[in-house]
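Visitor:
If you want it as structure tokens, here you go:
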């Protein structure tokens, strides 16, 4: 009866309290991870300086790789939007994507929230449909990560590198999860208050989309692989900038894993986690931990430079256009009500 008188029930209060606790825990953990990366680089700055040999060619090449990666990501989302008859232009979608990437370096994934609000205000895309659309990307990314990772570990072993049982088990598990989810419908969480439940529900919905629209799935997979090529070229140049020349097969492990982290991360822009994974994978493959970390830092610095220049302009544009759309919608509603 409490709800009838506008009084929150104990369950709602508990749920809100749980949200706040999870949010605070996420912020604290994110600060620890990012702080750990900064501390590690500062402690090893002499080693970093001794191997850093970055040229203008490296900077331009990595920057071009970042731009091409964004272009392919934009094409990927455009394919999904067109499937829902959302008539958004390629360059408009590209600008919205860059703005969301830039603002995701702020707390609470502000970029994703801005993107959701923009698509709803300007193009009428419901929030629920957004999650189901991007579930298909998550499913394909998990499957390709498992397949390429297994291929990479085998290729590294054959070429004389170290074999990582832990990484191999992770990649096999990703393949099994993908296959089982395709064969049998995955259950969904009714309560979507946590990030894990939302990701899992998108994952489950993605399987439904793949089963119903296989042609769309193949298009998304092709663009995902093209995205991997762009990232592989970037990481190759980042390795070269710190005088690290591992087996090229290591890219089959690093590229999909670092891409997957963008979906599952709890730190802004996956900072710290991405670099840590690069260090761990290089170490597990028989190379130096520092080399992976240092290469990740080089790539990160160039990304940040592009985000705080191009990304800021894009974010301002998206915000202004969204506000105009909101005002226009309010005026149209008032005119209809009169």
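Residue numbers (my numbering): 39 to 376.
The beta carbon of each residue, even a glycine, is placed where N, CA and C say it ideally should be.
Since we're looking at a predicted model, the values are computed, not measured.
In or out: residue 217 buried (at least 16 other Cβ within 10 Å) or exposed?
Guide: For the purposes of this step, residue 217 is identified with residue 179 of the chain shown, where counting begins at 1. The residue in question, residue 217, is exposed, as its Cβ has fewer than 16 Cβ neighbours within 10 Å.
Visitor: Measure the C-alpha to C-alpha separation of residue 251 and residue 124 and round it to an integer number of angstroms.
Guide: Within the chain shown, residue 251 is the residue found at index 213, counting from 1. Within the chain shown, residue 124 is the residue found at index 86, counting from 1. Looking at the backbone, the Cα of residue 251 and that of residue 124 are separated by about 17 Å.
Visitor: Count the other CB atoms, across all protein chains shown, that sit within 10 Å of the CB of residue 67; report buried if there are 16 or more and exposed otherwise.
Guide: By 1-based counting over the chain shown, the position of residue 67 is 29. Exposed, because fewer than 16 other Cβ atoms sit within 10 Å of the Cβ of residue 67.
Visitor: DSSP three-state label for residue 251, please.
Guide: Residue 251 sits at position 213 when you count from the first residue of the chain shown. Of the three classes helix, strand and coil, the one that applies to residue 251 here is coil, per DSSP.
Visitor: Measuring CB atoms only, is the stretch 344-361 touching the stretch 133-141, in the sense that at least three cross pairs come out at less than 8 Å?
Guide: Yes, the stretch 344-361 is in contact with the stretch 133-141.
Visitor: Pairing CB atoms from the stretch 267-280 with CB atoms from the stretch 171-180, are three or more of them under 8 Å?
Guide: no
Visitor: May I have a chain-ordered list of the alpha helix (DSSP H) segments no shorter than 4 residues that lie completely inside the stretch 97-164?
Guide: 128-141 and 148-161
Visitor: Who are the near neighbours of residue 344 in its chain, counting only those whose CB is closer than 8 Å to its CB and skipping five residues on each side?
Guide: Here residue 344 corresponds to residue number 306 of the chain shown, with the count starting at 1. Cβ-Cβ distances below 8 Å link residue 344 to 101, 104 and 105 in the same chain, with the five nearest sequence neighbours on each side left out; the list follows chain order.
Visitor: Should residue 221 be counted as a contact of the ligand NAD given a C-beta to heavy atom distance under 7 Å?
Guide: Absence of the ligand NAD is noted for the structure shown, with no ligands found whatsoever.
Visitor: Between residue 121 and residue 254, is the Cβ-Cβ spacing less than 8 Å?
Guide: Looking up residue 121 in the chain shown gives position 83. Looking up residue 254 in the chain shown gives position 216. At a Cβ-Cβ threshold of 8 Å, residue 121 and residue 254 count as neighbours.
Visitor: Count the C-beta pairs between the stretch 181-190 and the stretch 145-160 that are closer than 8 Å, then say yes if the count reaches three, no if not.
Guide: no
Visitor: Residue 274 to residue 87, Cα distance in whole Å?
Guide: Position 236 of the chain shown, counting from 1, holds the residue named residue 274. Position 49 of the chain shown, counting from 1, holds the residue named residue 87. C-alpha separation (whole angstroms): 19 Å.
Visitor: Please state if the CB of residue 257 and the CB of residue 110 are separated by a distance shorter than 8 Å.
Guide: Numbered from 1 along the chain shown, position 72 holds the residue referred to as residue 110. Numbered from 1 along the chain shown, position 219 holds the residue referred to as residue 257. Cβ atoms of residue 110 and residue 257: not closer than 8 Å.
Visitor: Starting from residue 216 and walking both ways along the alpha helix (DSSP H), at which residues does that stretch end?
Guide: Locating residue 216 in the chain shown gives position 178, counting from the first residue. Where residue 216 is concerned, the enclosing alpha helix (DSSP H) stretches over 203-221.
Visitor: Nearest by alpha-carbon distance to residue 349: which of 90, 108 and 94 is it?
Guide: The residue labelled residue 349 in the question sits at position 311 within the chain shown. Selected option, being the one with the closest Cα: 108.
Visitor: If you draw a straight line from the alpha carbon of residue 263 to that of residue 211, how long is it in whole angstroms?
Guide: Reading the chain shown from its first residue, position 225 is the one you call residue 263. Reading the chain shown from its first residue, position 173 is the one you call residue 211. Within the model, the alpha-carbon separation for residue 263 versus residue 211 is close to 20 Å.
Visitor: Quick one: what's got a C-beta closer than 8 Å to residue 295's C-beta in the same chain, skipping five residues either side?
Guide: As a position in the chain shown, residue 295 is number 257, starting the count at 1. For residue 295, same chain residues with a beta-carbon under 8 Å away, outside a window of 5 residues either side, are 183, 187, 315 and 319 in chain order.
Visitor: Output the boundary residues of the alpha helix (DSSP H) element that contains residue 318.
Guide: Your numbering for residue 318 matches position 280 in the chain shown. Its alpha helix (DSSP H) spans residues 311-322.
Visitor: Could you tell me whether the Cβ atoms of residue 364 and residue 159 are closer together than 8 Å?
Guide: On the chain shown, position 326 is the one that residue 364 refers to. On the chain shown, position 121 is the one that residue 159 refers to. Closer than 8 Å, so yes.
Visitor: Tell me which same chain residues have a C-beta within less than 8 Å of the C-beta of residue 213, skipping the five on either side of it?
Guide: Taking the first residue of the chain shown as position 1, residue 213 is located at position 175. Here the set comprises 181, 184, 185 and 188.
Visitor: What's the gap between the Cα of residue 164 and the Cα of residue 93?
Guide: Locating residue 164 in the chain shown gives position 126, counting from the first residue. Locating residue 93 in the chain shown gives position 55, counting from the first residue. Approximately 46 Å, taken between the alpha carbons.
Visitor: In terms of residues, what are the limits of the alpha helix (DSSP H) holding residue 288?
Guide: Working through the chain shown from its first residue, we reach residue 288 at position 250. Counting along the chain, residue 288 falls outside any alpha helix (DSSP H), and DSSP gives it neither H nor E.
Visitor: Name the residue from 171, 335 and 300 whose alpha carbon lies nearest to the alpha carbon of residue 139.
Guide: Taking the chain shown and counting its residues from 1, the one referred to as residue 139 is at position 101. Nearest option by C-alpha distance: 300.
Visitor: Ordered along the chain, which non-local residues of its own chain (more than five positions away) have a Cβ less than 7 Å from that of residue 310?
Guide: Indexing the chain shown from 1 puts residue 310 at position 272. For residue 310, where only same-chain residues beyond five positions count, the Cβ hits under 7 Å are 71, 72, 74 and 75.
Visitor: Distance, Cα to Cα, residue 114 vs residue 62?
Guide: Here residue 114 corresponds to residue number 76 of the chain shown, with the count starting at 1. Here residue 62 corresponds to residue number 24 of the chain shown, with the count starting at 1. Whole-angstrom Cα-Cα distance: 33 Å.
Visitor: Quick check on the burial criterion: 16 or more other C-beta atoms within 10 angstroms. Buried or exposed for residue 333?
Guide: As a working mapping, residue 333 is identified with position 295 in the chain shown. Buried, by the Cβ-count rule.
Visitor: Could you tell me the alpha carbon to alpha carbon distance between residue 84 and residue 195, rounded to whole angstroms?
Guide: By 1-based counting over the chain shown, the position of residue 84 is 46. By 1-based counting over the chain shown, the position of residue 195 is 157. One C-alpha to the other measures close to 32 Å.
Visitor: Considering only C-alpha positions, which residue in the set 155, 97, 89 and 291 is nearest to residue 359?
Guide: Within the chain shown, numbered from 1, the residue matching residue 359 stands at position 321. The residue with the shortest Cα to Cα distance from residue 359 is 155.
Visitor: On the CB-based measure, 16 or more other CB atoms within 10 Å of its CB, does residue 98 come out buried or exposed?
Guide: Looking up residue 98 in the chain shown gives position 60. By the 10 Å Cβ count, residue 98 comes out exposed.
Visitor: Going along the chain, which residues of its own chain have a beta-carbon closer than 6 Å to the beta-carbon of residue 284, five neighbours each way excluded?
Guide: By 1-based counting over the chain shown, the position of residue 284 is 246. Closer than 6 Å at Cβ, skipping near neighbours: 325.
Visitor: Are there 16 or more other CB atoms within 10 angstroms of the CB of residue 347, so buried, or fewer, so exposed?
Guide: As a position in the chain shown, residue 347 is number 309, starting the count at 1. With fewer than 16 Cβ atoms within 10 Å of its Cβ, residue 347 is classed as exposed.
Visitor: Assuming residue 317 contacts residue 327 (C-beta within less than 8 Å), just tell me the rounded distance between them.
Guide: The residue labelled residue 317 in the question sits at position 279 within the chain shown. The residue labelled residue 327 in the question sits at position 289 within the chain shown. With a beta-carbon spacing of about 5 Å, residue 317 and residue 327 fall inside the 8 Å limit used to define contacts.
Visitor: For the candidate residues 79, 291 and 337, whose alpha-carbon lies nearest to that of residue 191?
Guide: For the purposes of this step, residue 191 is taken as residue 153 along the chain shown, with counting starting at 1. Out of 79, 291 and 337, 291 has the C-alpha closest to the C-alpha of residue 191.
Visitor: Given this structure, state the Cα-to-Cα distance separating residue 117 from residue 220, to the nearest angstrom.
Guide: By one-based count along the chain shown, residue 117 stands at place 79. By one-based count along the chain shown, residue 220 stands at place 182. Going from the Cα of residue 117 to the Cα of residue 220 covers about 21 Å.
Visitor: Between residue 202 and the rest of its own chain, which residues show a CB-CB distance below 6 Å, the 5 nearest in sequence each way excluded?
Guide: Reading the chain shown from its first residue, position 164 is the one you call residue 202. Taken in chain order, the residues that qualify are 322.
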